[in-house]
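Chains as they are written, first to last, in numbering that gives the first Met the number 0: chain A, 0 to 308; chain B, 0 to 262; chain C, 0 to 201; chain D, 0 to 564.
Glycine included, each C-beta is placed from N, C-alpha and C at the ideal position.
Structure first, commentary second.
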Amino acid sequence: MMKTMSISVLGIIVGVVLVAILPPFLDGIARKVKARIQYRVGPPILQTYYDLQKLFGLPSLRPTENKWFRVAPYLALASAFSAAFLLPYGKWVPVKFSGDIVVFFYVLAMVSVAIIIGAFSTQNAHSNIGGHREMMMVLSVEPILGVALGIFAFKAGTLSLSAIPLKVPASFSTVLAYLLLIYAAYAESGFVPFDIAEAETEIAGGVLVEYSGRLLGVLEYAILAKRLVLLWLLSTFLTIPILRGIALTGVVGGIVVLAVQLILVLVAYPLIAALEATNARYRIDQAVALNTRIFLLSLVVLAVAAVGW
Amino acid sequence: MGKAALKSVWVFHVDSGSCNGCDIEVLDMLTPYYDPERFGIKLVGTPRHADALLVTGPMTRQCRRGVQKVYEAMPPKPRIVVAVGSCASSGGIFYDGYPIYRSKDRFGRDRLRSGGVEEVLPVDMYIPGCPPSPEAILFGVAQLLGLKEKKMKGEYYTDKETEFKLPQYPIEERIRLSLRESLKKVIGYFDRDRVLEDFMEIAGEANRAENPKEKLHALVTGYFLQEKDSRLKFSMKFLENEYWRLKDDYENKYVALVETHVQ
Amino acid sequence: MEDVKISYTESLISWKRPDLRVGVPVTVKYPLVPTEKPPEYRGKPHIDPNVCIGCGACVRACPADALTAEWDLENGLKSIVSNPARCIRCGRCEEACPTGAMKLTLEFELATPNKEDLVEVVEHHLTKCKKCGDYTEFTERQVEKAFQILPKEIVDANALGEKMQLCRECRMEESVKILAAQGRIIGDPLLLPPQHAKGGEK
Amino acid sequence: MVTKECLAEFEDKFKGEIREKKFLTPTQILYLVDKKDLPDMAYYLQYHPEFDESYYVMGIGSDERQLAGKFAYAPVINMLDGSGKRENFYVILKARLDKDNPEFPSVAQKLPAALWAEREVRDLLGFKPLDHPDLRRLITPEDWPEGVYPLRKDHAYNASPAGELQDGYKKAPEDTSTVPIGPYHMALDEPAHFRLFVKGEEIVDVDYRGFYSHRGIEKIGEGRLTYNQIFYIAERICGICGFQHSSAYAMAVENIAGVEIPARAQYIRTILLEIERIHSHLLWAGVACHLVGFDTGFMYAWRIREEPVMWLAERLTGNRKTYGMNIVGGVRRDFLDYRKTEILDKMKQLKKDVEKLYNIAVSSDILIKRAKDVGVLPYKVAKDYGVVGPTARASGRNIDVRRDHKVFAYKDVDFDVPVYKDGDVLARLLVRLDEVLQSISIIEQAVDQMPEGDIFTPIGKLPPYQEALGYTEAHRGEVIHYVLTGTNNKVYRWKVRAPTYNNLAAVPEMLKGYRVADAPLIIASIDPCYACTERVQIVDVKTGKVKALNEAEFNDLSIKASEEL
């Protein structure tokens, strides 16, 4: 076990660049794919950039005196970035220390927590219901994510997020853990059918309802960044164990791994978009019931892992 | 607004007492055939996120406060207001109903020209129509985005400047008008003019012949054989009968009447 | 007449919606490329100033008061004003118009930031009463049209040629005179119903 | 005639009260009755043992002081025999009310379906329903002055007097929080205000406040327009079921004039009515998908609605909506041969598309999950509230004006009326999809059988002071118009009852016990059309007992704005 914290400047640069540029682009792809499934032309790929650029240029309304209302979006964005810094980019890991998996887990949850804080800082009923729903979602999904990561950590024998994929062995329980991780990442990202907290038709945008202008831009950005983080986590866990051989063999190997990670993300996003387009939204109780069932399943997987399969 | 604002406009839709027609057309604009998302236009669920407000309906007294509140809930910039439909543009057919809001009593020309959303909010774009088709709404939106120029300009004519010539027809004007009126019964107001045109052409030709009645019958029969549409055939036959009926009627009644009158 | 004349129905059948795409995506190119509406479409109403006689039949037919008549009796003007911003495109004016001046066009691109852009005005001069010199309620074109409609025999028989040139009061006086002379008048002549604006059309 | 035997019993029972009996048309019977037993009569007719599907249609209030020196109030009952053995008919129970003190015993104390109708006459005409379960003042706009009754003849049609803002709030039940839906909400295309009192996410109680779209249409029709112009405002009662309204109005006027319109015109009307039904049902299916976040279903439904249906309507009538085709005595445009071919082509294409939509909808697991056993409306409640249309048919009510009253060309074509017993949102979805397929088949038959002949019978002057009903089965249920003619080609009283008027009253019943997330779907499942409903009156109802609520502040919107960050 490593005791010291290591910081990679190159990793930070790569991480910042990716997290800063990629999320709107991916969203643009998703929108385009959805449009095509619906027989439409759809927006330009860069549309989400335009949207965000506009939002950042607009002033925000302040519907409440509560200062958390203003802080929450930045908190969410900061949390999303912090989580991103714990992930490996090719061979480079921006920040690495033992036990960072726990930090990652918490920081990721902080994004949701910040959104919930923002939602509850206003008097708006829709916002409050949205916050309530977000909370139920977080409470029911995070355990699954936790268990899945726990299984990986247990199998790999390390508590460092970037080290796990390098060490995780192939076994029956890890395969199941992968499935759990995919499910948890998908649900946690709030894709349809899990976009319950932001449901426009039910609660007029839910948690986002009172935000406008720059704050809305920041919040939207945070949500998109969080999706990227989760997806990057998934792609890391799929890529690095396979390319373990070349991952640490110098710059070229690192770049190859990074490219594969990136391609995986770029491929996964349209698939998710297609899945989103062909599904309806769950009702919150249905989603929670499903999550609970999966969680119970995940405990079984944990037991399997503990047995040593 | 910078360039980005023109590439991304989020709209919120408000109904100020409309009949639904325009609302549905606004929604219809979102569907695959028109897809305004190409231009970065997105319908949002809350006025907080909106750059533009699409208002439909004649602005009822009950809706007025709600619409005003929605407007105030929008971010202070750019606050574009688009009046969609004839009702929103100037009150439409409902303009003087008792529950329709008017900011002040209006008389004369004012009463006839104003109404709708402009009583409450400053309007940036009027899209009249009842309801305006999605293309018409798209055209208005494209103007906002700077993709299109407006086409309309006020038109003013006086009878002295324009050349007026009473159109001359091969048949008597009064019979033409009567035929035109009765053609409404057979083929409807929309198609009647073209059918009548065809008939008058034939009738004019027949009138030059020695025996107009027979000639007309022959010509109508010829038309009958050529034309594929059963309704046009039917109306042509009808016109032939009606034409002679009117002619004879006039001969019998009016000429007699005039004679008695003169005496 | 043209040499090759396609029939009315054929011209309707042959119309195809421009830029109708089949397959994915179906989105039309409009507004980036122009489009048009089918020939049956009811678009913005347009008054043909060369044909309009200012009779106001459309004004009476309009349910939404989008068409109005503005009178300027001092200067002897009657304007037919069309306000497409209130128009509901019912086509009643087209149906009522006796001369075919009123037509619903295929125009649908009406959006404008200034409502005044839409207004259409056709101004007509009123005839002057031959007797008292005041303006009558008929436009010059209306009188011309009335003579076209009326058979010559009837005009002559009723001396309409004279009567049409008079204003309402003078005309009524004349009628009263004639009727009184015939002993056919009952009650107060001023309570008689006003004349139909189109004169003696049967 | 079977009708007579059944009515004999009724006439016998209330012998003392019936003053006069008049057949407005062979299937519309008007009884001039004393007001005393009005509730009993209405109750007797609605729960008539042999006409088991009968229901309360509407209550017509009119200011007949210029005619008879009195006000008049007339509940209308649609007498329907579910077994189809007897001829169905409408009964109008007209009672004259004193001109200085227009009181009458409330029908609503016995029939909940009459709750809204009596509030309406109270607000707009100043009638006093005695023993009405709820007698608070609830007039048109919030700032409408006291004691001004717009539908009375001494009120000018365009007078809009200012008044003070009213507020009468009702407190939420204890331990609940309030979730406002509307007046501007994604799920509701139109303004309407629902307040859900919730515990957690469960709906405990509901309040509804509408009348945002109240435009005074009836009064404009009586005041400014002539009977030939009313078509165009009737069409704009609702942009979706406009043609249904104008056809119902046409039917009422034609009944008064006593003309049979040409068969060809009847067929053209039938075809257009069905085209309108298809477009409305597809629209609804799309919105339902949209509400559950299933956007591809939404886009699919609206795409097939746009291409064959809307563009077809554009070519047939000149506009995508508000067809402007009706006139008293017939229709205004003819269907030339190429238009008929076009209809058949498009219907063929549509049939395939709709079947595909059916598969998409039914194969979407989550959609089914969201719609099944949600918003259940039992048969009995549906009957009590006089629910109509697909909403009623999804609750097992076997009613359909097209079949029961044989309007227009429906008597000549074969079609089924789909009826489901479950009463949930899913059943309402299935009823509508089934109806689309039926409509396609009706259109195909009508085009094939369309006779030659005129399309319009001119009608000169209308006989003054005659009355009649006109009705069609709109997409949401029975549309019914009552016309009392006046002099000078005007209409003295024009009363419209849109289907949503009856259906909305039952919504609180459907909502209770379900979740907030279901609320928009349940509300939308009756396909509410506020524009139709609110053309003259306000509506505000709660389960069983009525309560009032003026929600002036919109929690979600009313917060002070603009402070730059």
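request  = Going by DSSP, name the residue or residues bridged to tyrosine 299 of chain D.
outcome  = Here residue 299 of chain D is taken as the residue at index 300 of the fourth sequence, counted from 1. In DSSP, tyrosine 299 of chain D forms no bridge with anything.
key: Through-space distance from tyrosine 89 of chain D to methionine 78 of chain D, alpha-carbon basis   = Residue numbering aside, residue 78 of chain D sits at position 79 when the fourth sequence is read from its first letter. Residue numbering aside, residue 89 of chain D sits at position 90 when the fourth sequence is read from its first letter. Going from the Cα of methionine 78 of chain D to the Cα of tyrosine 89 of chain D covers about 6 Å.
request  = Give a yes or no on whether 7 Å exceeds the smallest Cβ distance from aspartate 14 of chain B to chain A.
outcome  = What you label residue 14 of chain B is simply residue 15 of the second sequence in a count that begins at 1. Residue-level contact by beta carbon fails for aspartate 14 of chain B and chain A, as no gap is shorter than 7 Å.
request  = Report back the beta-carbon spacing between leucine 234 of chain A and valine 264 of chain A to the nearest angstrom; my notes put them in contact at under 8 Å.
outcome  = Taking the first sequence and counting its residues from 1, one reaches residue 234 of chain A at position 235. Taking the first sequence and counting its residues from 1, one reaches residue 264 of chain A at position 265. Here residue 234 of chain A is serine; the residue named in the question, leucine, does not match the sequence. In this structure, serine 234 of chain A and valine 264 of chain A form a Cβ contact; the two beta carbons are roughly 5 Å apart against a cut-off of 8 Å.
query = Near leucine 298 of chain A, which residues of its chain fall below 8 Å by C-beta distance, leaving aside the five closest residues on each side in sequence?
reply = The sequence position of residue 298 of chain A within the first sequence is 299, counting from 1. Answer for leucine 298 of chain A: Val146, listed in chain order.
request  = Quick one: using the 10 Å Cβ neighbour count with 16 as the cut-off for buried, is serine 13 of chain C buried or exposed?
outcome  = Taking the first residue of the third sequence as position 1, residue 13 of chain C is located at position 14. Burial call: exposed.
message = Assess contact between the stretch 150-160 of chain A and the stretch 121-131 of chain A, defined as three or more Cβ pairs (one per stretch) separated by less than 8 Å. Is contact present?
response = Between the stretch 150-160 of chain A and the stretch 121-131 of chain A, the count of Cβ pairs shorter than 8 Å is below three; the stretches do not touch.
ask   = Which runs of the alpha helix (DSSP H), 4 residues or longer, sit entirely within the stretch 423-505 of chain D?
value = Fully contained in the stretch 423-505 of chain D are the following alpha helix (DSSP H) runs of length 4 or more, in chain order: 424-448, 498-503.
query = Can you name the start and end residues of the alpha helix (DSSP H) that threonine 238 of chain A belongs to?
reply = As a first step, residue 238 of chain A must be located in the first sequence, where it is residue number 239. Where threonine 238 of chain A is concerned, the enclosing alpha helix (DSSP H) stretches over 212-241.
request  = Could you pull out every residue in the same chain whose Cβ sits closer than 7 Å to the Cβ of proline 133 of chain B, ignoring the five residues on either side in sequence?
outcome  = On the second sequence, position 134 is the one that residue 133 of chain B refers to. Answer for proline 133 of chain B: Glu24, Asp27, Met28, Tyr33, listed in chain order.
query = I think phenylalanine 107 of chain C touches alanine 135 of chain B, with their Cβ atoms under 8 Å apart; what is that distance to the nearest whole Å?
reply = For the purposes of this step, residue 107 of chain C is taken as residue 108 along the third sequence, with counting starting at 1. For the purposes of this step, residue 135 of chain B is taken as residue 136 along the second sequence, with counting starting at 1. About 5 Å; that satisfies the 8 Å criterion.
As assigned by DSSP and simplified to three states, the class of arginine 176 of chain C = Translated into the one-based positions of the third sequence, residue 176 of chain C becomes position 177. Here residue 176 of chain C is lysine; the residue named in the question, arginine, does not match the sequence. If DSSP states are grouped into helix, strand and coil, lysine 176 of chain C belongs with the helices.
task = Just confirm the distance between the C-beta atoms of arginine 280 of chain A and glycine 292 of chain D, as a whole number of angstroms; I'd bet it's less than 8 Å.
result = As a working mapping, residue 280 of chain A is identified with position 281 in the first sequence. As a working mapping, residue 292 of chain D is identified with position 293 in the fourth sequence. That pair is a contact at about 3 Å.
message = Just to confirm before moving on: does the CB-CB distance between threonine 269 of chain D and phenylalanine 455 of chain D stay below 7 Å?
response = Mapped onto the fourth sequence, residue 269 of chain D falls at position 270. Mapped onto the fourth sequence, residue 455 of chain D falls at position 456. No; because the gap between Cβ atoms is not below 7 Å, this pair is not in contact.
request  = Could you check if cysteine 131 of chain C is buried or exposed, using at least 16 other CB atoms within 10 Å of its CB as the buried criterion?
outcome  = As a working note, residue 131 of chain C is residue 132 in the third sequence. If you draw a 10 Å sphere on the C-beta of cysteine 131 of chain C, you find fewer than 16 other C-beta atoms in it, and that means exposed.
task = Given a cut-off of 7 Å, decide if proline 22 of chain A and leucine 223 of chain A are closer than it, judged by their beta-carbon atoms.
result = Taking the first sequence and counting its residues from 1, one reaches residue 223 of chain A at position 224. Taking the first sequence and counting its residues from 1, one reaches residue 22 of chain A at position 23. Remark: C-beta atoms of leucine 223 of chain A and proline 22 of chain A approach each other more closely than 7 Å.
request  = Along the alpha helix (DSSP H) that carries alanine 82 of chain B, what are the first and last residues, could you check?
outcome  = The sequence position of residue 82 of chain B within the second sequence is 83, counting from 1. In the DSSP assignment, alanine 82 of chain B falls outside any alpha helix (DSSP H) and lies within the beta strand (DSSP E) extending over 79-83.
query = Is the Cβ of glycine 332 of chain A closer than 7 Å to any Cβ of chain B?
reply = Shown here, chain A extends from 0 to 308; a query on residue 332 of chain A therefore has no answer.
key: Span separating the alpha-carbon of alanine 445 of chain D from that of lysine 371 of chain D   = Translated into the one-based positions of the fourth sequence, residue 445 of chain D becomes position 446. Translated into the one-based positions of the fourth sequence, residue 371 of chain D becomes position 372. Taking the straight line joining both Cα atoms gives about 35 Å.
query = Cα separation between alanine 186 of chain D and serine 524 of chain D?
reply = Residue 186 of chain D sits at position 187 when you count from the first residue of the fourth sequence. Residue 524 of chain D sits at position 525 when you count from the first residue of the fourth sequence. Residue placement at alanine 186 of chain D is flagged as unreliable, the pLDDT there being 47, under the threshold of 50; the coordinate-derived value follows with that caveat. Taking the CA atoms as reference points, alanine 186 of chain D sits about 11 Å from serine 524 of chain D.
ask   = Are the beta-carbon atoms belonging to alanine 473 of chain D and proline 498 of chain D less than 7 Å from one another?
value = As a first step, residue 473 of chain D must be located in the fourth sequence, where it is residue number 474. As a first step, residue 498 of chain D must be located in the fourth sequence, where it is residue number 499. Their beta carbons are under 7 Å apart, which means alanine 473 of chain D touches proline 498 of chain D by this criterion.
request  = For the beta strand (DSSP E) containing asparagine 408 of chain D, list its first residue and its last residue.
outcome  = Mapped onto the fourth sequence, residue 408 of chain D falls at position 409. According to the sequence shown, residue 408 of chain D is alanine rather than asparagine. Careful: alanine 408 of chain D lies outside any beta strand (DSSP E) and carries neither H nor E.
key: Selection from D/Trp283, D/Leu315, D/Tyr43 that minimises the alpha carbon distance to tyrosine 337 of chain D   = Along the fourth sequence, one-based indexing puts residue 337 of chain D at 338. When only C-alpha atoms are compared, the closest one is D/Leu315.
query = Can you find a C-beta in chain C that's less than 7 Å from the C-beta of serine 89 of chain B?
reply = Residue 89 of chain B sits at position 90 when you count from the first residue of the second sequence. It does; some Cβ of chain C falls within 7 Å.
ask   = Does DSSP put phenylalanine 198 of chain B in a helix, a strand or coil?
value = Counted from its first residue, the second sequence places residue 198 of chain B at position 199. Phenylalanine 198 of chain B falls in the helix class under three-state DSSP.
query = Can we count isoleucine 76 of chain D as close to the ligand SAH, meaning its CB is less than 6 Å from some heavy atom?
reply = The model depicted lacks the ligand SAH and carries no ligand whatsoever.
key: Simplified DSSP assignment, three categories, for phenylalanine 230 of chain D   = Within the fourth sequence, residue 230 of chain D is the residue found at index 231, counting from 1. Per DSSP, reduced to three states, the secondary structure at phenylalanine 230 of chain D is helical.
request  = Just list the beta strand (DSSP E) runs in the stretch 106-185 of chain B, keeping only unbroken ones of 3 residues or longer that don't cross its boundaries, in chain order.
outcome  = Those beta strand (DSSP E) runs which fall completely within the stretch 106-185 of chain B and span 3+ residues are 124-126, 154-157.
task = Please list, in chain order, all residues of the same chain as isoleucine 232 of chain D whose beta carbon is under 7 Å from its beta carbon, the five residues on each side excluded.
result = Residue 232 of chain D sits at position 233 when you count from the first residue of the fourth sequence. These residues qualify, in order along the chain: Ile216, Ile219, Gly220, Leu224.
Endpoints, the beta strand (DSSP E) within which tyrosine 94 of chain B is located = Along the second sequence, one-based indexing puts residue 94 of chain B at 95. Careful: tyrosine 94 of chain B lies outside any beta strand (DSSP E) and carries neither H nor E.
Residues within the stretch 119-147 of chain B neighbouring chain C, beta-carbon criterion of under 7 Å = Among the residues of the stretch 119-147 of chain B, those with a Cβ less than 7 Å away from any Cβ of chain C are Asp123, Met124, Tyr125, Ile126, Pro127, Gly128, Cys129, Ser132, Glu134, Ala135, Leu137, Phe138, Gly139, Ala141, Gln142, Leu146, Lys147, in the order of the chain.
query = Taking buried to mean at least 16 other C-beta atoms within 10 Å of its own C-beta, is glutamine 167 of chain B buried or exposed?
reply = Here residue 167 of chain B refers to the residue found at position 168 of the second sequence. Within 10 angstroms of the beta-carbon of glutamine 167 of chain B lie fewer than 16 other beta-carbons, which makes it exposed.
Arginine 214 of chain D beta carbon less than 7 Å from that of alanine 145 of chain B = As a first step, residue 145 of chain B must be located in the second sequence, where it is residue number 146. As a first step, residue 214 of chain D must be located in the fourth sequence, where it is residue number 215. Reading off the sequence, residue 145 of chain B comes out as glycine, not alanine. Result no, Cβ atoms of glycine 145 of chain B and arginine 214 of chain D do not sit closer than 7 Å.
request  = Could you say which of B/Val81, B/Lys76, B/Arg78, B/Leu137 lies nearest to threonine 34 of chain C if we only look at CA atoms?
outcome  = Walking along the third sequence from the start, residue 34 of chain C turns up at place 35. Nearest option by C-alpha distance: B/Leu137.
ask   = Should serine 234 of chain B be flagged as near chain C, meaning a C-beta pair shorter than 7 Å?
value = In the second sequence, residue 234 of chain B corresponds to position 235, counting from 1. It does not; no Cβ of chain C falls within 7 Å.
query = Where isoleucine 40 of chain B and phenylalanine 11 of chain B are concerned, what is the direct C-alpha to C-alpha distance, given to the nearest angstrom?
reply = Start at 1 with the first residue of the second sequence, and residue 40 of chain B comes out as number 41. Start at 1 with the first residue of the second sequence, and residue 11 of chain B comes out as number 12. Between the alpha carbons of isoleucine 40 of chain B and phenylalanine 11 of chain B lies a distance of about 10 Å.
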